[in-house]
Amino acid sequence: MVQYKIIYFNVIGRAEAFRMIFSVADVSYEDVIIKPESWPEYKKFDGKQLTQSSSISRFLGRTFNLCGENAWESAKCDEYVDATNDLINEWVGFRFNETDEARKAERKAKFIAELMPNCLQKLESIKEKNDGDYLVGKKLTWADIDVADKLQTLEDDINPTVLEGYPNLQKFKNAVFSLPRIAAYVEKSGYTYKGLDNCLGKA
Amino acid sequence: MSQKYKFLYFPMKAVGEPIRLLFHYANVEFEDIRVSNEEWAKMKSEMPWNLLPVLVVDGKHQLSQCLTIFRYLAREFGLVGADEFETAKCNEYIDAMDEVRLDVLQMFRESDPAKKAAIKKNVVENTFPKAWPKFNGILKRNGTGFLVGEGVTCADIYVAYMVDLLTGFVEFSTMSDYPELDDHRKKILNLPGIKEWIATRPYTAF
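Read top to bottom, the protein sequences are chains R and G. Residue numbers for the first sequence follow this note's numbering, so the first one is 94 and each next one is one higher. Residue numbers for the second sequence follow this note's numbering, so the first one is 5 and each next one is one higher.
Below, the structure written as structure tokens:
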């Protein structure tokens, strides 16, 4: 039987989407939490490794049949994940990587006033046009888990009211997090993006 | 006769060209639409994410996001791995190369000449010397002359194209330090279909 290991730091982040995909598929995995100081050793680790979080989620989506019913639906999954990656990458950029305080405030302001609403509006319209609970087709896909995780990130870290004015997205996020296996994962793991400043640097 | 595929992008190579390369390598016809600034001003609000490139299939189905389009066509044209894990490795290498591209892209986003020069210096002294050995190592370990498996995949096309484009931008002159990667770049850009297209495509600076 295939053995899966998720190797990550002890911080909430990109691995949450993988853990939720495993939960939905009811497939076990080993969580290998590494301390920052052990990272150099792990970099040498050989074997069948896959890096780059979206490619990992995409691979798991395919492996567990959570990638749409045909090539076009799979591509739509990719499209929505890619488009929201741009948004989250900008959030990561000003939230964690920007050292110039003035620039950080400027980027955050632009994010809240422009980038985030533009993206949410498009997602709202996409969700509205697709019948049912999900973003693509009729069944859950890895894109639903990925995007719901990102929406939760924004709600927890930016403002609890970010989804106000986007009723379809609120309904969508609730539908994903209400799935029994995901709800169970959330409860067991203490999943939240609140208090990020406190958990960063925790080894 | 209208084409099954219409590909809309600006008159440049940048992130649209890898998709054009896929069509030419797979020998699949498509309408190569180059959108001018005036046309874009009118079209922008109608595009799904207000961005180009966009692929239109059968005149009505639209797909956005350059890597999504690239991956979708790679699958359609049989240029993915032999199994899902190999395909995922293709995706991993494409993603890793895209991170290199984003570092170089910062040069174009910066207008201040001193800051721009600093970014270029970082690319030449840090970004490339960290990334190229990794790709070189992958080629060496795979041992087939290709990044994944035994033949050409979309990862080869994306990586070879970007190595060529990005090293050209910053006039990086030491690719000979990465012989497998340099040979790979030359080999892929000389593949039938790609070679002819490169020789005859409209000239663009980027």
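Built from N, CA and C at the ideal position, the CB exists for glycine as well.
Subject >> Thr-171 (chain G) versus Leu-106 (chain G) - alpha carbon distance >> reply: 13 Å
**OP:** Identify each residue in the segment 141 to 172 of chain R for which the Cβ-Cβ distance to at least one residue of chain G is less than 8 Å, and report them in chain order.
**Re:** Hits within the stretch, in order: Lys-141, Leu-143, Thr-144, Gln-145, Ser-147, Ser-148, Ile-149, Arg-151, Phe-152, Arg-155, Thr-156, Ala-164, Trp-165, Ser-167, Ala-168, Lys-169, Asp-171 and Glu-172.
**OP:** Please confirm if the segment 216 to 228 of chain R is in contact with the segment 256 to 265 of chain R, defined as three or more CB-CB distances below 8 Å between the two stretches.
**Re:** yes
**OP:** Tell me, please, whether the CB atom of Ser-49 (chain G) is closer than 8 Å to any CB atom in chain R?
**Re:** Answer no: the Cβ-Cβ gap between Ser-49 (chain G) and chain R never drops below 8 Å.
Subject >> Reduced DSSP category for Arg-205 (chain G) - H, G, I as helix; E, B as strand; rest coil >> reply: Of the three classes helix, strand and coil, the one that applies to Arg-205 (chain G) here is coil, per DSSP.
Original post:
Leaving out five residues before and five after Ile-114 (chain R) in sequence, what residues of the same chain have Cβ atoms less than 7 Å from its Cβ?
Top reply: Ser-150, Leu-153, Gly-154, Phe-157, Leu-159, Trp-235 and Ile-238
Subject >> Residues near Lys-136 (chain R) by beta carbon distance below 8 Å, same chain, minus five either side >> reply: Interpretation of Lys-136 (chain R) is limited by its pLDDT of 48, a score under 50 that renders its predicted location unreliable; the figure taken from the coordinates is listed afterwards. Hits under 8 Å: none found.
Subject >> Three-way DSSP call (helix, strand, coil) for Lys-137 (chain R) in this model >> reply: Bear in mind that the predicted position of Lys-137 (chain R) carries a pLDDT of just 41, short of 50, making it unreliable; the figure below should be weighed with that in mind. Residue state, collapsed to three classes: coil.
Subject >> Nearest-angstrom Cα separation, counted from Gln-145 (chain R) out to Asn-182 (chain R) >> reply: 13 Å
Original post:
Over what stretch of residues does the beta strand (DSSP E) that includes Ser-177 (chain G) continue unbroken?
Top reply: Premise fails: Ser-177 (chain G) is in no beta strand (DSSP E) and is neither H nor E.
Subject >> For Asn-130 (chain G) and Gln-110 (chain G), the rounded distance between their alpha carbons >> reply: Just so you know, the alpha carbons of Gln-110 (chain G) and Asn-130 (chain G) end up roughly 14 Å apart.
Original post:
Of all the options R:Gln-96, R:Leu-244 and R:Glu-162, which has the alpha carbon lying nearest to the alpha carbon of Val-174 (chain R)?
Top reply: Residue nearest to Val-174 (chain R) within the set R:Gln-96, R:Leu-244 and R:Glu-162 is R:Leu-244 (criterion: CA-CA distance).
Original post:
What are the partner residues of Phe-11 (chain G), as DSSP defines its beta bridges?
Top reply: G:Asp-36 and G:Leu-59
Original post:
So is Phe-138 (chain R) buried or exposed if we call it buried at 16+ other beta carbons inside 10 Å?
Top reply: Only weak support exists for where Phe-138 (chain R) lies, its pLDDT of 39 falling under 50; the value from the coordinates is given anyway. It counts as exposed.
**OP:** Leaving out five residues on either side along the sequence, give the residues of the same chain with a beta carbon under 6 Å from the beta carbon of Val-1 (chain G).
**Re:** Because chain G here runs from 5 to 210, residue 1 (chain G) falls outside it and cannot be looked at.
**OP:** Could you please give me the residues that DSSP links to Ser-226 (chain G) through a beta bridge?
**Re:** Given that chain G is displayed from residue 5 to residue 210, the structure contains no residue 226 (chain G) and the question cannot be resolved.
**OP:** Please report how far the alpha carbon of Tyr-97 (chain R) lies from the alpha carbon of Gly-63 (chain G), in whole angstroms.
**Re:** 42 Å
Subject >> Closer than 8 Å to chain G by CB, Phe-138 (chain R) >> reply: Summary for Phe-138 (chain R): the model assigns pLDDT 39, below 50, so the residue's position carries little reliability, and this model does not support an answer.
Original post:
Is any beta-carbon of chain G found at less than 8 Å from that of Asp-124 (chain R)?
Top reply: no
Original post:
Going by the beta-carbon positions, is the gap between Asp-160 (chain G) and Ile-123 (chain G) smaller than 8 Å?
Top reply: no
Original post:
Helix, strand or coil for Val-163 (chain G) per DSSP?
Top reply: helix
Original post:
Which chain G residues are close to Asp-175 (chain R), counting only those with a beta carbon under 7 Å from its beta carbon?
Top reply: Gln-69, Leu-71 and Thr-72
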